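> Numbering (full-length UniProt numbering), first residue to last: 1 to 376. Yeah, the Cβ is synthetic: ideal placement off N, Cα and C, and Gly gets one too. Quick caveat: nothing in here was measured; it's all calculated off a predicted structure.
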Amino acid sequence: MSSKPGFNKEVLMDILLRLPPKPLVRFLCACKFWNDLISSSLFVTTHFNLNATRRDNVFLLCLHHEDFERKFDVDDPFVKQDLQWSLFSNETFEQRFKLKHPLRSTEHFGIYGSSNGVLCISDEILKPKSRIHIWNPTIGKYRTVPLSITDDTKFGYIALQFGFHPGVNDCKVVRMMCMDNKAFAVEVYSLATNSWKMIEDVPTWLKCTWEHHQSTFLNGVTYTIIDKCPIITIVSFDSDSEKFEEFVLPDAIWGIWGLHVGIYKEQICLLYGNYCCEEEGMDKNDFWVLQKKGWKQLRPFVFSSDRCYSTMGISVDDELLLEKNDFTVGAADLYLCNYESRQIRETGIKLAYMRYGQNELLFAITYVETLGFLDY
């Protein structure tokens with residue numbers, strides 16, 4: 001199949017741009033002309049900008065137990081669980097797709113970021129030699145990140161962040177590492193160059209004993225909650241300019257429990273709660289957005305104490321991700337809440353707990369199907 005004389009390329013492109021990603025992947029095999037068109041950077045970027053907000057392209061990416069039931073052994077409460085990453089419709093909450101490791105590994109894996117339809121995955125427990133993979137499950141394409149020069153160094157703590165930098169049109173992986181002797185290192189991987197770069201100029205205030213708790217990635221900048229014991233701060237790092245900045249938290253935040261950093265209406269935000277508020281029988285989550293002059297507090301999310309909601313984060317639709325423990329099955333129920341209308345939707349999705357030492361964590365993020373990574 002080839003383009004015919006007088007064939008209107010603009011008309012074809014206009015038609016193809018209206019299609020979801022999966023049919024477009026099949027059309028790559030139609031002919032060289034279609035392959036070159038669909039895999040071009042112009043087409044991939046334009047398709048993302050036109051379709052990223054389409055409801056049928058938005059999913060909830062959740063970690064759950066196989067068959068949504070936790071296996072529990074009273075004689076061995078730490079029995080290894082069969083966990084599964086799956087995509088659920090953001091509208092009907094039906095399970096659409098089970099994610100399998102791109103290398104077909106049967107070991108559990110962690111997801112350390114999602115941007116433009118591309119995931120960053122690695123070992124459940126990060127080690128210096130943990131292999132990192134950049135993966136678009138929609139189109140089935142992945143790249144294994146090369147080992148860096150620090151992979152033989154013994155670090156006591158490792159944290160990964162991943163996202164897209166629109167200023168340089170590149171996906172970045174940021175790896176932060178610290179040792180018990182307060183040595184600290186940061187390195188950045190570029191998908192465009194397929195290489196790592198060690199950051200030489202690390203501020204002295206980061207060279208201390210700290211623990212990374214949660215992070216987000218906005219416009220090429222990572223924002224990380226760091227507990228420096230007893231001080232808790234937000235540390236930002238621009239993956240292009242390589243500049244660090246530290247933000248003091250609002251006075252109302254006095255502990256790490258219940259604290260989340262996310263993105264709300266293209267602004268960095270903090271969610272903190274849940275705890276009792278002035279109104280009897282009610283709990284609340286406080287809400288701030290980061291502006292040039294500091295943190296601006298928004299209206300808190302208030303709910304009945306008997307509902308026992310805890311905030312997990314914010315979706316790409318600016319909805320609050322809420323979880324409610326279901327102790328009868330050892331899992332948690334996932335809810336979505338419209339912050340402005342306060343309307344809460346029950347998803348019916350039961351989240352699994354992933355164990356990190358003595359901590360058990362839940363995972364639910366938003367995933368948008370795109371052609372991202374096709375043009376690399």
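At 4 residues or longer, and completely inside the UniProt domain "F-box" (7 to 47): list those alpha helix (DSSP H) runs for me, N to C.
9 to 16, 21 to 27 and 32 to 38
> I'd like to confirm the pairing. Which residues does DSSP put opposite Gly281 in its beta bridges?
Gly281 is not bridged to any residue.
> Between which residues of its own chain and Lys22 is the CB-CB distance below 7 Å, once the five residues before and five after are set aside?
Once the five neighbours on either side are set aside, the close Cβ partners of Lys22 are Thr138.
> Count Cβ pairs between the segment 341 to 355 and the segment 57 to 65 that sit closer than 8 Å; are there 3 or more?
yes
> From the DSSP secondary-structure annotation, give me the bridge partner or partners of Gln343.
BP columns for Gln343 are empty, so no partner.
> Specify the secondary structure class of Ile365 as computed by DSSP and reduced to three states.
strand
> Classify Ser254 as helix, strand or coil using the three-state DSSP reduction.
The sequence shown places Trp at residue 254, rather than the Ser named in the question. Correct three-state label for Trp254: coil.
> By Cβ distance below 7 Å, which residues in the same chain neighbour Met1 in space, the five residues on each side in sequence not counted?
With a pLDDT of 46 at Met1, under the threshold of 50, the predicted position of this residue should be treated as unreliable, though the coordinate-derived value follows. Excluding positions up to five away in sequence, the list reads Ala30 and Cys31.
> Give the secondary structure of Ser305 by DSSP, where H, G and I count as helix, E and B as strand, and everything else as coil.
Looking at Ser305 - three-state DSSP - the assignment turns out to be helix.
> I need the DSSP call for Thr204, collapsed to helix, strand or coil.
helix
> Let me know if Val173 comes out buried or exposed under the rule of 16 or more other beta-carbons within 10 Å of its beta-carbon.
buried
> Looking only at its chain, what residues have a beta carbon closer than 8 Å to the beta carbon of residue 378, apart from the 5 residues adjacent to it on each side?
Absent from the structure is residue 378, since the part of the chain shown begins at 1 and ends at 376.
> Which value, in whole angstroms, describes the spacing of the CA atoms of Pro102 and Asp251?
44 Å
> Determine the closest residue to Tyr309 out of Leu320, Leu126 and Arg299, with distance taken between C-alpha atoms.
Comparing alpha carbon positions, the residue from Leu320, Leu126 and Arg299 closest to Tyr309 is Leu320.
> Looking only at its chain, what residues have a beta carbon closer than 8 Å to the beta carbon of Ser215, apart from the 5 residues adjacent to it on each side?
Ala159, Gln161, Thr222, Tyr223, Thr224, Ile225 and Val261
> Check for me: the beta strand (DSSP E) holding Ala332 runs from which residue to which?
Ala331 to Asn338
> If you follow the beta strand (DSSP E) that Ala185 is part of, which residue opens it and which one closes it?
Phe184 to Ser190
> Would you please state the rounded distance, in angstroms, between the beta carbons of Val289 and Ile314? I believe it to be under 8 Å.
The beta-carbon separation of Val289 and Ile314, rounded to 11 Å, does not stay under the 8 Å limit for a contact.
> Whose C-alpha, out of Lys98, Leu218 and Asn8, is nearest the C-alpha of Gly140?
Lys98
> Where does Phe78 sit, in a helix, a strand or coil, going by DSSP?
Because Phe78 sits at a pLDDT of 43, beneath the cut-off of 50, its placement in the model cannot be relied upon, and the following sentence gives the value as read from the coordinates. DSSP, read as helix, strand or coil, puts Phe78 in coil.
> Keeping to the same chain, check which residues put their C-beta closer than 8 Å to that of Phe48; ignore five residues upstream and five downstream.
Asn116, Gly117, Thr370, Leu371 and Gly372
> Do Phe43 and Asn90 count as a contact pair if the criterion is CB distance below 8 Å?
no
> One question on the structure: do Leu259 and Val235 come within less than 8 Å of each other, judged by their Cβ atoms?
With a cutoff of 8 Å on beta-carbon distance, Leu259 and Val235 are scored as not near each other.
> Just mark Arg175 as buried or exposed, buried being the case when its beta carbon has 16 or more other beta carbons within 10 Å.
buried
> Let me make sure I understand the geometry here. Which of Glu124, Thr45, Asn8 and Arg18 has the alpha-carbon closest to that of Phe33?
Asn8
> Kindly indicate which residue of Tyr142, Leu126 and Tyr112 has the alpha-carbon position closest to the one of Arg104.
Tyr142
> Do Leu322 and Tyr339 have their C-beta atoms within less than 8 Å of each other?
no
> Considering Asp238, what are the terminal residues of the beta strand (DSSP E) in which it resides?
Ile232 to Asp238
> May I have the straight-line CA-CA distance separating Leu28 from Ser39, to the nearest angstrom?
8 Å
> Taking the C-alpha atoms as reference points, what is the distance between Lys4 and Glu10?
The predicted position of Lys4 is uncertain, since its pLDDT is 49 and thus under 50; a value taken from the coordinates is nonetheless stated next. Lys4 and Glu10: Cα-Cα distance of roughly 14 Å.
> Verify whether the separation of the beta carbon atoms of Tyr367 and Ser114 is less than 8 Å.
yes
> Less than 7 Å between C-beta atoms, sequence neighbours within five positions excluded: which residues of the same chain meet that for Asp238?
Gly220 and Val221
> Return the CA-CA distance between Ala52 and Lys265, expressed in angstroms with no decimal places.
15 Å
> Have a look at Asp333 and Gln95 and give me their C-alpha separation to the nearest angstrom.
Distance between the alpha carbons of Asp333 and Gln95: 15 Å.
> The beta strand (DSSP E) that contains Ala352, what's its start and end?
Looking at the DSSP string, Ala352 is not in any beta strand (DSSP E), and its letter there is neither H nor E.
> Classify Gly281 as buried or exposed, calling it buried when 16 or more other Cβ atoms lie within 10 Å of its own Cβ.
Exposed is the call here.
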